[in-house]
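**Student:** In my numbering, the protein residues as written are 45 to 288.
I have a structure here, written as structure tokens, and I will follow up with some questions on it.
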Ligand code: SF4
Ligand code: SF4
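Take a look at the structure:
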């Protein structure tokens, strides 16, 4: 990588009309350096044969203009311009299934994409905000309760194609849940019962590892709602933590 380059014209990916803005090359270098500095980087990319096996195995490649091969190649070749473009576009088409882990070079393109996404989120790229916009409710659910989906999300208006039985199940949800053998599943507002110790640990981890700071950068409204929930619960548990 040309680490001593202080100025270089963009190598001509035409961003005209693109949904994201071009930035100085030095800024692309900085973002790329952040990807490479991640402690997982050396385990997700060893080089690339350009064989395309990852793309052949990738379900997202069948439905989108998307190729894990291109992402692995761009990073292996240290093409900062293309990496920046991909961080604003392709990486959000990955479904994180890791079928691409069958790579003969022992790369994990899906793992590489995970790292690139986190850098995009940490740096507040507009496309990261756009990609996460529709997931506010899920992020809130995961971070406030510790579980992703809850049974009470099963409502007829949310699943109109599931037929009449959705309404029947929703109306008798409590009974259905109590019919399940594990008592920890006798819940309707969370996927399973989360004990106080676990949720307090999760709040502290998200606070201390900078996850809450990332949420604040991406979606301040969501941050404020979560902040209220978490600070109140932490205070009840005897912690004096503020998330500002
Ligand atoms: S990442 Fe692996 S599977 Fe994909 S093109 Fe490169 S060497 Fe082949
Ligand atoms: S993890 Fe992403 S890139 Fe890999 S196979 Fe799944 S969808 Fe494709």
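All residues carry an ideal CB built from backbone N, CA and C; glycine is no exception.
#1: Does the beta carbon of residue 99 fall short of 8 Å from some heavy atom of ligand 4?
#2: Can you list, in chain order, the stretches of the alpha helix (DSSP H) that have 4 or more residues and sit fully within the stretch 115-172?
#3: Is residue 283 helix, strand or coil by DSSP?
#4: Could you give the first and the last residue of the continuous alpha helix (DSSP H) run that contains residue 81?
#5: Taking a contact to mean a Cβ-Cβ separation below 9 Å, would you say residue 165 touches residue 261 in this structure?
#6: For the stretch 81-97 against the stretch 111-130, are there 3 or more C-beta pairs whose distance is under 8 Å?
#7: Mind checking whether residue 259 and residue 266 have CB atoms under 9 Å apart?
#8: Applying the criterion that 16 or more other CB atoms from any shown protein chain within 10 Å of the CB defines a buried residue, is residue 321 buried or exposed?
#9: Below 7 Å CB to CB, which residues in the same chain sit around residue 149 once its five sequence neighbours on both sides are set aside?
#10: Between which two residues does the alpha helix (DSSP H) containing residue 214 stretch?
#11: Taking Cβ to Cβ, would you say residue 110 is nearer than 9 Å to residue 137?
#12: What residue range is occupied by the uninterrupted alpha helix (DSSP H) comprising residue 181?
#13: Between residue 256 and residue 250, what straight-line distance do the alpha-carbon atoms span, to the nearest angstrom?
#14: Take residue 97 as the anchor and find which of 135, 84, 70 and 142 has the nearest alpha-carbon.
#15: Pull up the CB-CB distance for residue 232 and residue 196, whole angstroms please, since I reckon it's below 8 Å.
#16: Once you ignore the five residues that flank residue 220 on each side, which residues in its own chain have a CB closer than 7 Å to its CB?
#17: May I ask you to report which of helix, strand or coil DSSP gives residue 267?
#18: If the criterion is Cβ atoms closer than 9 Å, does the pair residue 133 and residue 171 meet it?
#19: Taking the Cβ atom as the reference point for each residue, do residue 246 and residue 190 lie within a distance shorter than 9 Å?
#20: DSSP three-state call for residue 111: helix, strand or coil?
#21: With three or more beta-carbon pairs closer than 8 Å as the criterion, would you say the stretch 120-134 touches the stretch 175-191?
#22: Ordered along the chain, which non-local residues of its own chain (more than five positions away) have a Cβ less than 6 Å from that of residue 88?
#23: If the criterion is Cβ atoms closer than 9 Å, does the pair residue 254 and residue 194 meet it?
**Tutor:** Here's the rundown:
#1: Among the ligands in the structure shown, ligand 4 does not appear; only ligand 1 and ligand 2 can be found there.
#2: 124-131 and 153-166
#3: Reduced to three states, the DSSP call for residue 283 is coil.
#4: 69-81
#5: yes
#6: yes
#7: yes
#8: The structure shown does not extend to residue 321, since the chain is modelled only from 45 to 288, so the question has no answer here.
#9: 90, 91, 92 and 93
#10: Where residue 214 is concerned, the enclosing alpha helix (DSSP H) stretches over 209-215.
#11: Their beta carbons are under 9 Å apart, which means residue 110 touches residue 137 by this criterion.
#12: 180-189
#13: 6 Å
#14: Among 135, 84, 70 and 142, the Cα nearest to that of residue 97 belongs to 142.
#15: Your pair residue 232 and residue 196 checks out as a contact, with CB atoms roughly 5 Å apart and the cut at 8 Å.
#16: 213
#17: helix
#18: yes
#19: yes
#20: coil
#21: Three or more beta-carbon pairs separated by less than 8 Å are not found between the stretch 120-134 and the stretch 175-191, which leaves the two stretches without contact.
#22: 152, 155 and 156
#23: For residue 254 and residue 194, no; Cβs fall outside 9 Å.
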